[in-house]
Amino acid sequence: MNERELYDGYARRAAQQCTWCTWCALVALLSPPEVMASDLPALEPQSNTLVVRAERASQSDDRMLFSLLGALELRADRWVINADSAILVGRLSDPDEIIVDGSPATITVQMTDESEPFTGTSSHLEFDPRKEIVRLEGDATVKREHESISSDLIRYWLQRETFVAGSRARVRVVTTPKNSR
């Protein structure tokens, strides 16, 4: 057998395989998506999920610090944080503390489906999701259903809806009586 015969045989097999691959791909593409998706189990709604979006992220070797940088968003079931940079202390799936900086950094917390959301903005924000405490520092503002608080430093207990404000600057609290709303 010479080289020409070996090459021709290989070329024929390659053409046959190519035709077979093309046929399989064509069948897969023309199959209705409902048929292929019907074999997959239904997705369960996820709770206690933390979604992290940022331009850059890094994790420490012991996996207990997670650094985020650039246009970040942290989204959980009951809260959302937007900022420029963040450090998550503890496991990523269940952080002990979230420390963020931004211009401004913003947190929105919805404690229950019926309650009005808590919104806090400042240049530096620390959030303890377990104890449900928010610490805002640097041009800090908190807004709730019937009140607005402004100062250089605000520490807010979400569960009790109480706060401590002020450090080096004055505190401004504006509240609206419930019967006038």
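Quick note: the sequence shown uses the working numbering, first residue 34, plus one each step. Don't be surprised by glycine CBs; every beta carbon is placed ideally from N, CA and C.
Under the DSSP definition of a beta bridge, residue 90 partners with 101.
Judged by beta-carbon spacing, residue 140 lies beyond the 8 Å limit of residue 132, meaning their Cβ atoms are not closer than that value. Secondary structure of residue 176 (DSSP, three-state): strand. Within the segment 126-155, the runs of beta strand (DSSP E) at least 3 residues long that lie entirely inside it are, in chain order, 127-142. Linking residue 165 to residue 153 through their CA atoms gives a straight-line distance of about 13 Å.
For residue 178, the closest C-alpha among the options 135, 108 and 208 is that of 208. Where residue 115 is concerned, the enclosing beta strand (DSSP E) starts and stops at 112-124. A distance below 6 Å between beta-carbons, with the five flanking residues on each side excluded, links residue 83 to the following residues of its chain, in chain order: 109.
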